[in-house]
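Enquirer: Please see the structure below; I have some questions.
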């Protein structure tokens, strides 16, 4: 950026920028690939595309034939079995004041748990379990 160039010019002896080789490879656990292979021969849309059956772990339709299948692939893409994140919100008022609201989100993805079977999922009909804990301000914490 122009700002970085200026820093190099202003501080030629002391300013430095480390440049690292990038590596953008990614892979899933082997059980995900195995499940996708099985899903490719048995996954089905149900209720006019409002649901799926005979599938678990990984994308249900590796070669989507319809837009609905592509949408379900996006919804059910493998993201691990669970996630935890910390975050916050700070909506300003007209005067510029704000109250920061901090929270911790937890997400469990039963669909992606290794060993989950389609019949397990059909019994519960749950794709995600979400829990949020407000951590601040004190008057809201724990809600």
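In our numbering, the protein residues as written are 10 to 152.
From the three backbone atoms N, C-alpha and C, an ideal C-beta is built for every residue, glycine too.
Here the structure is a predicted model, which means the values were calculated and not measured.
Residue 66 and residue 121 - do their beta-carbons sit closer together than 9 Å?
Expert: yes
Enquirer: In whole angstroms, what separates the C-alpha of residue 52 from that of residue 139?
Expert: Spanning the two alpha carbons is a distance of roughly 25 Å.
Enquirer: For residue 40 and residue 71, I'd like the C-alpha separation in whole angstroms.
Expert: 15 Å
Enquirer: What is the C-beta distance between residue 154 and residue 93, in whole angstroms, given that I count them as a contact (C-beta under 8 Å)?
Expert: Because the chain spans 10 through 152 in this model, residue 154 falls outside it and cannot be assessed.
Enquirer: Mind checking residue 64: buried by the 16 CB within 10 Å criterion, or exposed?
Expert: buried
Enquirer: Inspect the beta-carbon positions of residue 110 and residue 146 and report whether they are closer than 9 Å.
Expert: Yes, they are a contact pair.
Enquirer: Using a Cβ-Cβ cut-off of 6 Å (strictly less than) and excluding sequence neighbours within five positions of residue 78, which residues of its own chain qualify?
Expert: 70
Enquirer: Put residue 12 into one of helix, strand or coil per three-state DSSP.
Expert: DSSP, reduced to helix, strand and coil, places residue 12 within a helical segment of the structure shown.
Enquirer: Is the beta carbon of residue 135 closer than 9 Å to that of residue 91?
Expert: no
Enquirer: Which residue from 22, 27, 76 and 116 puts its Cα closest to that of residue 141?
Expert: 116
Enquirer: Out of curiosity, what's the CA-to-CA distance linking residue 10 and residue 21?
Expert: 16 Å
Enquirer: Going by DSSP, name the residue or residues bridged to residue 61.
Expert: 54
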